[in-house]
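Engineer: Quick one: structure below, then a few questions.
2 protein chains.
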Amino acid sequence: MVELPEFDRHTALEALGEGRYLAVLDGGWHVGGGLNGGYQLALAGAAMSAELAASGKPDPLAVSASYLAAAVDGPGELVVRVVRDGGRTAVVTCDLVQDGVTRLTALATYGDLARDADDVRTTAEPLVLPPREECIGSEFAPAEFRASVPLIDRFEMLYPAEFAGCFVGAPSRQGALAAWFRLKEGREPDPISLLLAVDALPPVTFDLGIPGWAPTVQLTAHVRARPASGWLRLVHRTRNIAGGMFEEDCEVWDERDRLVAQGRQLALLPR
Amino acid sequence: MVELPEFDRHTALEALGEGRYLAVLDGGWHVGGGLNGGYQLALAGAAMSAELAASGKPDPLAVSASYLAAAVDGPGELVVRVVRDGGRTAVVTCDLVQDGVTRLTALATYGDLARDADDVRTTAEPLVLPPREECIGSEFAPAEFRASVPLIDRFEMLYPAEFAGCFVGAPSRQGALAAWFRLKEGREPDPISLLLAVDALPPVTFDLGIPGWAPTVQLTAHVRARPASGWLRLVHRTRNIAGGMFEEDCEVWDERDRLVAQGRQLALLPR
Numbered sequence: 001m002v003e004l005p006e007f008d009r010h011t012a013l014e015a016l017g018e019g020r021y022l023a024v025l026d027g028g029w030h031v032g033g034g035l036n037g038g039y040q041l042a043l044a045g046a047a048m049s050a051e052l053a054a055s056g057k058p059d060p061l062a063v064s065a066s067y068l069a070a071a072v073d074g075p076g077e078l079v080v081r082v083v084r085d086g087g088r089t090a091v092v093t094c095d096l097v098q099d100g101v102t103r104l105t106a107l108a109t110y111g112d113l114a115r116d117a118d119d120v121r122t123t124a125e126p127l128v129l130p131p132r133e134e135c136i137g138s139e140f141a142p143a144e145f146r147a148s149v150p151l152i153d154r155f156e157m158l159y160p161a162e163f164a165g166c167f168v169g170a171p172s173r174q175g176a177l178a179a180w181f182r183l184k185e186g187r188e189p190d191p192i193s194l195l196l197a198v199d200a201l202p203p204v205t206f207d208l209g210i211p212g213w214a215p216t217v218q219l220t221a222h223v224r225a226r227p228a229s230g231w232l233r234l235v236h237r238t239r240n241i242a243g244g245m246f247e248e249d250c251e252v253w254d255e256r257d258r259l260v261a262q263g264r265q266l267a268l269l270p271r
Numbered sequence: 001m002v003e004l005p006e007f008d009r010h011t012a013l014e015a016l017g018e019g020r021y022l023a024v025l026d027g028g029w030h031v032g033g034g035l036n037g038g039y040q041l042a043l044a045g046a047a048m049s050a051e052l053a054a055s056g057k058p059d060p061l062a063v064s065a066s067y068l069a070a071a072v073d074g075p076g077e078l079v080v081r082v083v084r085d086g087g088r089t090a091v092v093t094c095d096l097v098q099d100g101v102t103r104l105t106a107l108a109t110y111g112d113l114a115r116d117a118d119d120v121r122t123t124a125e126p127l128v129l130p131p132r133e134e135c136i137g138s139e140f141a142p143a144e145f146r147a148s149v150p151l152i153d154r155f156e157m158l159y160p161a162e163f164a165g166c167f168v169g170a171p172s173r174q175g176a177l178a179a180w181f182r183l184k185e186g187r188e189p190d191p192i193s194l195l196l197a198v199d200a201l202p203p204v205t206f207d208l209g210i211p212g213w214a215p216t217v218q219l220t221a222h223v224r225a226r227p228a229s230g231w232l233r234l235v236h237r238t239r240n241i242a243g244g245m246f247e248e249d250c251e252v253w254d255e256r257d258r259l260v261a262q263g264r265q266l267a268l269l270p271r
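As you go down the protein sequences, you meet chains U and L in turn. Note that the UniProt record's numbering gives residue 108 to position 108 of the first sequence, counting from 1, and the numbers run on in steps of one. Note that the UniProt record's numbering gives residue 265 to position 265 of the second sequence, counting from 1, and the numbers run on in steps of one.
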């Protein structure tokens, strides 16, 4: 029997009925003060997708999440409530609950990305990165850093040299961070894994010479198309640091040069 | 006795206790198939602000809303639930209910924008618009259009000539729309009115030669600072039209050249 790729094993759900799903959160997604926000979003996204599959709306179109308490490794329950299901889209909420404490609450719109899939009039310029063989993998990170951030071993991330500098005290100070991204074991991207992708890069504040954990206050992801197989390109940018917070805009491009997902989060500056 | 400005009268709330607030929605905010989404968001924002005032977190920091059914003029109840209140921020939800039907559901983070108000490291370039005396007011719109869109008489909106063209069949096709904005009767902007401002411009698709109503699927607003008194400058941009939907990014700049709010919505292309 072929073992599923790690991402599938770590986001596997057991349906408990009445919109409830059991997951076992894996400690390998630890970063900063808890498990990665994108991993939690993908878990919630998978639960909402499972609940809406029967009505032909398996794909997240827009997902907004508030992070209430750090998620930990071990069992967690995803509680899905369909608020409205009619026409092209459904509106749905999902809470991730562990030990009676809600860790994440999400409000989302689901639909079917196969519909109107050929209608593309994107004016955004595709993200250009140097060829992968000229980029620098996460294995360059100091061993101490890698030990404290197991997240970086969950996927392949290849940084252009200009952005890799921020990990060794030489940030580009552009307010940007970009990389090639691929899940391990040849796991191809899909709409649910894009919810992880929009929060997979380190905080863009690294590139401004402000290292440290930047807790997400609120994250919204738009999934715009089913991604082609192969590598993704990710970029985070910020333009407005004010009041102890910054916005972080994410673009996810696929190998067909389509802007397949956009993310925006409001995060707290590291202290 | 001095009468309050129209915006205050139209967003006045009567507290009913236990997180419930009664509003009377005014038909003057009608546009397309229902009342303007920004007006509804401001009502929800005001109710959440009222509920959180006592805990020192009166300001919306991030508000995400799903529009479930068209809102109509007349009474409506805003039902607020505080999900978590602790530390610097609170997470809260709000439903707008009319005649037993939920019209809007919102998930928000509230805090105090007076805190860290002097911390500003914005790299975004302030929006430059021609002087107001060179811009074109909404009164240029054809009488038939104005009669069908009472919304445009709720505030002053002054368009640069390059963007006004889209209302008379000569869109700039930049995928952008910008204007000066001010509430009537000298009503100064505040964090709640910024929730209206992020959805006050017509759909950016007008500028692409695609007129018509563009229903909002999901809208997220970030309020980044308390705005200075005076005029605001608004801009909408889109870069990714795909799958029958487009994203619309909004910036709101105040007279002190601060980027006081950012909005992002996913909307359906007019059919």
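Using N, Cα and C, we set each Cβ at its ideal position, and we do this for glycine too.
Specify, as a first and last residue, the run of the alpha helix (DSSP H) that GLU133/L falls within.
Structural biologist: Note, GLU133/L: premise wrong, no alpha helix (DSSP H); not H, not E.
Engineer: Using alpha carbons as the reference points, say which of GLY169/U, ARG121/U, PHE155/U and LEU129/U lies closest to PRO142/U.
Structural biologist: Measuring from the Cα of PRO142/U, the nearest candidate turns out to be GLY169/U.
Engineer: Where DSSP assigns a beta bridge to GLN265/U, which residues make up the other side?
Structural biologist: Answer is LEU219/U and GLU248/U.
Engineer: In angstroms with no decimal places, state the Cα-to-Cα distance between ALA179/U and GLY263/U.
Structural biologist: Their backbone Cα atoms lie some 15 Å apart in a straight line.
Engineer: Determine whether the beta carbon atoms of GLN40/L and ARG81/L lie at a separation below 8 Å.
Structural biologist: Contact: no.
Engineer: Do PRO189/U and ASP118/U have their CB atoms nearer than 8 Å?
Structural biologist: Not a contact, by the Cβ cut-off of 8 Å.
Engineer: Taking C-alpha atoms, which residue in PHE167/L, PRO171/L, CYS135/L and ALA147/L lies nearest to GLU156/L?
Structural biologist: Per the Cα distances, CYS135/L.
Engineer: Exposed or buried, GLU251/L, counting other C-beta atoms within 10 Å across all chains shown (16 or more means buried)?
Structural biologist: GLU251/L should be labelled buried.
Engineer: So, with DSSP's three-state summary, where would you put ARG258/L?
Structural biologist: Residue state, collapsed to three classes: coil.
Engineer: Given that ASN240/L touches chain U, what residues does it touch there, using C-beta distances under 8 Å?
Structural biologist: Under the 8 Å cutoff, chain U gives THR122, THR123, ALA124, ARG224, LEU259 and GLN262.
Engineer: If we define contact as Cβ-Cβ less than 8 Å, is GLU133/U a contact residue for chain L?
Structural biologist: For GLU133/U, the answer is no, since every Cβ of chain L falls outside 8 Å of its Cβ.
Engineer: Can you find a CB in chain L that lies within less than 8 Å of the CB of GLN218/U?
Structural biologist: GLN218/U counts as touching chain L.
Engineer: Grab me the residues of ARG187/L's own chain with a C-beta within less than 6 Å of its C-beta, minus the 5 sequence neighbours each way, in chain order.
Structural biologist: Hits under 6 Å: PRO5 and PHE7.
Engineer: For SER49/L and TRP213/L, what's the separation of their Cα atoms in angstroms?
Structural biologist: Cα-Cα distance, rounded: 30 Å.
Engineer: In the DSSP assignment, find the beta strand (DSSP E) that holds PRO75/U and state where it starts and stops.
Structural biologist: Looking at the DSSP string, the run of the beta strand (DSSP E) that includes PRO75/U is 74-86.
Engineer: State the DSSP-derived secondary structure class of ALA70/L, mapped to helix, strand or coil.
Structural biologist: Reduced to three states, the DSSP call for ALA70/L is coil.
Engineer: Any beta-carbon of chain L closer than 8 Å to the one on GLY243/U?
Structural biologist: GLY243/U counts as touching chain L.
Engineer: Under 8 Å, Cβ to Cβ, is there at least one residue of chain L near ARG84/U?
Structural biologist: Yes, contact with chain L.
Engineer: Could you give the first and the last residue of the continuous alpha helix (DSSP H) run that contains LEU196/U?
Structural biologist: Segment 191-197, the alpha helix (DSSP H) holding LEU196/U.
Engineer: Can you give the beta carbon distance from GLU248/U to VAL217/U, rounded, assuming they're within the 8 Å contact cut?
Structural biologist: Going by Cβ atoms, the distance from GLU248/U to VAL217/U rounds to 11 Å, so no, they are not a contact pair.
Engineer: At a cut of 8 Å, does the region 70-90 of chain U reach the region 23-35 of chain U through at least three beta carbon pairs?
Structural biologist: Touching, per the Cβ criterion.
Engineer: With DSSP run on the structure shown, which of helix, strand or coil describes GLU156/U?
Structural biologist: Of the three classes helix, strand and coil, the one that applies to GLU156/U here is strand, per DSSP.
Engineer: For PHE140/U, list the residues DSSP reports as bridge partners.
Structural biologist: According to DSSP, PHE140/U bridges with nothing at all.
Engineer: By the 10 Å Cβ neighbour count, where 16 or more other Cβ atoms means buried, how is ALA242/L classified, buried or exposed?
Structural biologist: Result: buried.
Engineer: For ARG121/U, which residues in the same chain have their Cβ closer than 8 Å to its Cβ, ignoring the five residues on either side in sequence?
Structural biologist: Contacts found: none.
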